[in-house]
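S.K.: What follows is a single structure, and I will ask about it in a moment.
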Amino acid sequence: MDFILSAVIVLGGIALVAAVILYVCSKKFAVYEDPRLGTVLEALPGANCGGCGYPGCSGMADALVKAADKGSLEGLNCPVGGAETMGKVADLLGMAMANTEPMVAVVRCNGTCELRPKTTEYGGLRTCTAMNACGAGETACGFGCLGCGDCVSACKFDAIHMNEETGLPEVDEEKCTSCGACVSACPRHIIELRKKGPKNRRVYVRCVNKDKGAVAMKACKAACIGCGKCAKECPFEAITIVNNVSYIDYNKCKLCRKCEAVCPTNAIVAVNFPPRKPKVEAPATGEEVKAEPAKASVESNKKETEA
Amino acid sequence: MKLRTFRIGGVHPEENKLTDDAVTQVAALPKQAIFPLSQHIGAPAKPVVKKGDKVKVGTMIAEAGGFVSAPVYSSVSGTVFKIDTVFDATGYRQPVIIINVEGDEWEETIDRSDKLETLSAHPELTPEEIVERIKVAGVTGMGGAGFPTFIKLCPPPTAKAECVIINGVECEPYITSDYRLMLEHADEILVGLELLMKASKVTKGYIGIEENKPAAIKLLTEKTAGNPNIEIVPLAQKYPQGGEKQLVDAVIRRQVPAPPAIPVNVGAIVQNVGTAYAVYQAVMKRKPLFERYTTVTGKKLKNPGNYLVRMGTPMRDLIDVCGGMPEGDNKVLAGGPMMGKALNNIDVPVCKGTNSITVLTDDDAKRKTPQPCIRCAKCVSACPMGLEPYLLATASSLHDWDRVEKEDITSCIECGSCQFTCPAHRPMLDNIRLGKSTVMGIIRARNAKK
Numbered sequence: 001m002d003f004i005l006s007a008v009i010v011l012g013g014i015a016l017v018a019a020v021i022l023y024v025c026s027k028k029f030a031v032y033e034d035p036r037l038g039t040v041l042e043a044l045p046g047a048n049c050g051g052c053g054y055p056g057c058s059g060m061a062d063a064l065v066k067a068a069d070k071g072s073l074e075g076l077n078c079p080v081g082g083a084e085t086m087g088k089v090a091d092l093l094g095m096a097m098a099n100t101e102p103m104v105a106v107v108r109c110n111g112t113c114e115l116r117p118k119t120t121e122y123g124g125l126r127t128c129t130a131m132n133a134c135g136a137g138e139t140a141c142g143f144g145c146l147g148c149g150d151c152v153s154a155c156k157f158d159a160i161h162m163n164e165e166t167g168l169p170e171v172d173e174e175k176c177t178s179c180g181a182c183v184s185a186c187p188r189h190i191i192e193l194r195k196k197g198p199k200n201r202r203v204y205v206r207c208v209n210k211d212k213g214a215v216a217m218k219a220c221k222a223a224c225i226g227c228g229k230c231a232k233e234c235p236f237e238a239i240t241i242v243n244n245v246s247y248i249d250y251n252k253c254k255l256c257r258k259c260e261a262v263c264p265t266n267a268i269v270a271v272n273f274p275p276r277k278p279k280v281e282a283p284a285t286g287e288e289v290k291a292e293p294a295k296a297s298v299e300s301n302k303k304e305t306e307a
Numbered sequence: 001m002k003l004r005t006f007r008i009g010g011v012h013p014e015e016n017k018l019t020d021d022a023v024t025q026v027a028a029l030p031k032q033a034i035f036p037l038s039q040h041i042g043a044p045a046k047p048v049v050k051k052g053d054k055v056k057v058g059t060m061i062a063e064a065g066g067f068v069s070a071p072v073y074s075s076v077s078g079t080v081f082k083i084d085t086v087f088d089a090t091g092y093r094q095p096v097i098i099i100n101v102e103g104d105e106w107e108e109t110i111d112r113s114d115k116l117e118t119l120s121a122h123p124e125l126t127p128e129e130i131v132e133r134i135k136v137a138g139v140t141g142m143g144g145a146g147f148p149t150f151i152k153l154c155p156p157p158t159a160k161a162e163c164v165i166i167n168g169v170e171c172e173p174y175i176t177s178d179y180r181l182m183l184e185h186a187d188e189i190l191v192g193l194e195l196l197m198k199a200s201k202v203t204k205g206y207i208g209i210e211e212n213k214p215a216a217i218k219l220l221t222e223k224t225a226g227n228p229n230i231e232i233v234p235l236a237q238k239y240p241q242g243g244e245k246q247l248v249d250a251v252i253r254r255q256v257p258a259p260p261a262i263p264v265n266v267g268a269i270v271q272n273v274g275t276a277y278a279v280y281q282a283v284m285k286r287k288p289l290f291e292r293y294t295t296v297t298g299k300k301l302k303n304p305g306n307y308l309v310r311m312g313t314p315m316r317d318l319i320d321v322c323g324g325m326p327e328g329d330n331k332v333l334a335g336g337p338m339m340g341k342a343l344n345n346i347d348v349p350v351c352k353g354t355n356s357i358t359v360l361t362d363d364d365a366k367r368k369t370p371q372p373c374i375r376c377a378k379c380v381s382a383c384p385m386g387l388e389p390y391l392l393a394t395a396s397s398l399h400d401w402d403r404v405e406k407e408d409i410t411s412c413i414e415c416g417s418c419q420f421t422c423p424a425h426r427p428m429l430d431n432i433r434l435g436k437s438t439v440m441g442i443i444r445a446r447n448a449k450k
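Protein chains in written order, with the UniProt record's numbering: chain A, 1 to 307; chain B, 1 to 450.
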């Protein structure tokens, strides 16, 4: 009997001491975790792409909860989930949704193999960063796309691909989450995040060549020559010309397409617009009028995929 | 007797010294001379002339743009045509001064006689005076990198120079400009060495020459026979012996620690023979740096040769003199085939650091298809800096910058021995160079933050 009693007393004693230690520890070293963190994290897409500027989705969740405590979700946006996810998160936190416009990556180079002929052959490592570090690349343009696809390998969403024919990358608007990985991967800083625009319609300058007009023209037939016609034409002062290259501010642009019409090198492009109405001078027989918009819409579709 | 050489790594590329018997010719004046403002390491020079100004040979056209910088002098007489940007060797645009050549009128201050001025005849030259004259003349390293020479002569207070080593190694295949210079201007080079020794307040000087230049070794040994302070060191042939750190190891058996240490931290100041000659001319003849010896070579070139070229002469002119571009696919390099930079266009001018223009044709100009790495470690045994090139290349291609920094990528001298020796033709140096420049950027940013 003695053995049983002593065993019960000793083990019971140990259990009691351990229970006290555990209790004290759990009180003393308790870490408070906001219960909202878990729910917000669940609502985020879990891509951990870092497109929001925070280290992964948990970092973003943390920032969202903290911002909610301060009273506003402004400035925070999950580019992957977009408005839908942000709406869910705002509901969970009982906040009004911050107003964010959907963005999309845009390749600002139109130097296709045809328009921008090769002047030299590069024999080194085929990545854009390596080629950019060695020199101006295989064409005479020291600003345009190098065509080795660093942006393609940087994209985690399979949204950017090289077009073999043009030698330029093309963004898939449906898949692009505007996380910005391609923007930072491009050593030439050609890719930019721009507002997706109403019905995905956008007008932008598809060139970043800072050379003077004649030099830029010699290197590439589609180069912006900084002539300033577009800036004069723009009724909304959305266009600025800095360092011989034109830039359209997407916040001011009202998509009137006047600049596109006057650009002498077609460096300004408008995507996803319905075809322009045929000009009055055009021969107006019924069939031809019908045929022309059809042809134009094919072109516009092509532009869409290129963008 | 076994000849000295550096102890770690090294390779033996085919020599191809096609022009070592070709006596140096004076290249014709160009119609238009182009002077880049950045011909050296450091801040670009600032123009001091404007469009329409008349200049003479030896007129300063741009002053030093900072402490680590060098002035640029006109090599021709004529009128400043414009100050503009043109495509440089890489294909990017760089600021230059373009001068239309008219006649050949020199500044009066330059002593154009051939008389040899010895140091003993000019006791008035103090070390400070010598350094000042070198600085004013815009002398930079003539071996290729183009570091302003006067800075090397004023080491940081933590280091003390013990000797000057003149680099007459010329381990790059094809190039013979230094060799011809040693044969044709041995006396001037020796006076240049004495000046450098006096300027850096040391008493010992060495000239390291590889064994494949016996004529130069013989000539210089004869000339220094009675001088115990100067030693001519014949070296066993191995690439990259012309690298500063390798040369210091070969000549005085001391190893330079990892960067930021430089040769002077182990007591050596290394200068190229071309620099020694330029120092002689700058100090004794008051002639600024505007001419240099350049080899124009290539197996398919009709008349390869060595030329005394006025800087600013377009490379196309020199290639035309040698018989024009050969047929087929050509690759033109500024420098030799190991470390030379491929040119994006050949209208670029000869600069302070252009020791050679090498034209590779057809198969020589093309890279071979890379195969997978079989871990044979040939690159490891070839690396003269004791690095592991295969590891650096792989980690760089995976953008693992922390790892490559830990593996001392900044010690890489970009000699290309790894890529040369690789049986799988892997583009190792491309990756390493990319990793090195990225890591250097990261280190600079980190230091700036501190």
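Ideal Cβ positions, reconstructed from N, Cα and C, are used throughout, including at glycine.
(1) By DSSP, does LEU429 of chain B sit in helix, in strand, or in coil?
(2) Would you kindly work out how many angstroms separate the C-alpha atoms of LEU115 of chain A and PHE143 of chain A, rounded to a whole number?
(3) Which of the three DSSP states, helix, strand or coil, is assigned to ILE248 of chain A?
(4) Which of the residues in the stretch 85-100 of chain B, read from start to end, lie with their CB under 8 Å from any CB of chain A?
(5) Name, going along the chain, the residues of the stretch 427-441 of chain B whose beta-carbon falls closer than 8 Å to a beta-carbon of chain A.
(6) Along the UniProt domain "4Fe-4S ferredoxin-type" (364-386) of chain B, where does the CB come closer than 7 Å to a CB of chain A? Name the residues.
(7) For residue 323 of chain A, decide whether its Cβ has a neighbour in chain B, counting only Cβ atoms nearer than 7 Å.
(8) What residue ranges within the stretch 335-393 of chain B form continuous beta strand (DSSP E) runs of no fewer than 3 residues, ordered along the chain?
(9) Assess contact between the stretch 1-17 of chain B and the stretch 28-35 of chain B, defined as three or more Cβ pairs (one per stretch) separated by less than 8 Å. Is contact present?
(10) DSSP on ARG276 of chain A, reduced to helix/strand/coil?
(11) Cα separation between MET131 of chain A and ALA121 of chain B?
(12) Below 8 Å on the Cβ atoms is my guess for LEU119 of chain B versus GLU194 of chain B; work out the distance and round it to an integer in Å.
(13) Beta-carbon of ASN344 of chain B versus every beta-carbon of chain A: anything under 7 Å?
(14) Run through DSSP, which three-state label would GLU164 of chain A get?
(15) With 16 other CB atoms within 10 Å as the buried threshold, where does GLU42 of chain A fall?
(16) Which residue marks the beginning of the beta strand (DSSP E) containing THR79 of chain B, and which one marks its end?
(17) If you draw a straight line from the alpha carbon of GLU237 of chain A to that of ALA231 of chain A, how long is it in whole angstroms?
(18) Tell me whether the stretch 112-129 of chain A and the stretch 207-214 of chain A touch, counting them as touching only if at least three CB pairs, one residue from each stretch, are closer than 8 Å.
(19) Please report the distance separating the alpha-carbon of PRO95 of chain B from that of GLY274 of chain B.
(20) Apart from the five residues just before and just after ALA250 of chain B, which ones in its own chain have a Cβ nearer than 7 Å to its Cβ?
(21) In the DSSP assignment, find the alpha helix (DSSP H) that holds PHE150 of chain B and state where it starts and stops.
(22) Confirm, please, whether the CB-CB distance from GLY441 of chain B to VAL359 of chain B is below 7 Å.
(23) What residue range is occupied by the uninterrupted alpha helix (DSSP H) comprising TYR54 of chain A?
(24) Starting from CYS176 of chain A, find everything on chain B with Cβ-Cβ shorter than 8 Å and list it in chain order.
(25) One question on the structure: do CYS134 of chain A and CYS109 of chain A come within less than 7 Å of each other, judged by their Cβ atoms?
(26) Whole alpha helix (DSSP H) runs in the UniProt domain "4Fe-4S ferredoxin-type" (167-196) of chain A with 4 or more residues, listed along the chain?
(27) What residues of chain B sit near residue 394 of chain A, judged by a beta carbon separation below 8 Å?
(28) Verify whether the separation of the beta carbon atoms of ALA159 of chain B and VAL202 of chain B is less than 7 Å.
(29) Is there a Cβ from chain B that is less than 7 Å from the Cβ of GLY142 of chain A?
(30) By DSSP, does ARG446 of chain B sit in helix, in strand, or in coil?
(31) CA-CA distance, ARG292 of chain B and ALA186 of chain B?
(32) What residues from the UniProt domain "4Fe-4S ferredoxin-type" (213-243) of chain A come within 7 Å of chain B, judged by C-beta to C-beta, listed N to C?
(33) Taking C-alpha atoms, which residue in B:LEU196, B:GLU210 and B:GLU211 lies nearest to LYS204 of chain B?
(34) Is the shortest distance between the beta-carbon of THR265 of chain A and the beta-carbons of chain B less than 7 Å?
(35) Would you decide whether GLN281 of chain B is buried or exposed? Buried here means 16 or more other CB atoms lie within 10 Å of its CB.
(36) Is ARG206 of chain A buried or exposed, if buried means 16 or more other CB atoms sit within 10 Å of its CB?
M.R.: With the given structure in hand:
(1) helix
(2) 15 Å
(3) strand
(4) PHE87, ALA89, THR90, GLY91, TYR92 and ARG93
(5) PRO427, ASP430, ASN431, ARG433, LEU434 and SER437
(6) LYS366 and ARG367
(7) The question about residue 323 of chain A has no answer here: the residues shown for chain A are numbered 1 through 307.
(8) 356-361
(9) no
(10) coil
(11) 54 Å
(12) 5 Å
(13) yes
(14) coil
(15) exposed
(16) 78-87
(17) 7 Å
(18) no
(19) 26 Å
(20) ARG4, THR5, PHE6, GLY208, LEU235 and GLN241
(21) 149-153
(22) no
(23) Premise fails: TYR54 of chain A is in no alpha helix (DSSP H) and is neither H nor E.
(24) In chain order: nothing, as chain B lies at least about 23 Å away.
(25) no
(26) 181-185
(27) Any property of residue 394 of chain A remains undetermined from this structure, which presents chain A solely from 1 to 307.
(28) no
(29) yes
(30) helix
(31) 15 Å
(32) none
(33) B:LEU196
(34) no
(35) buried
(36) buried
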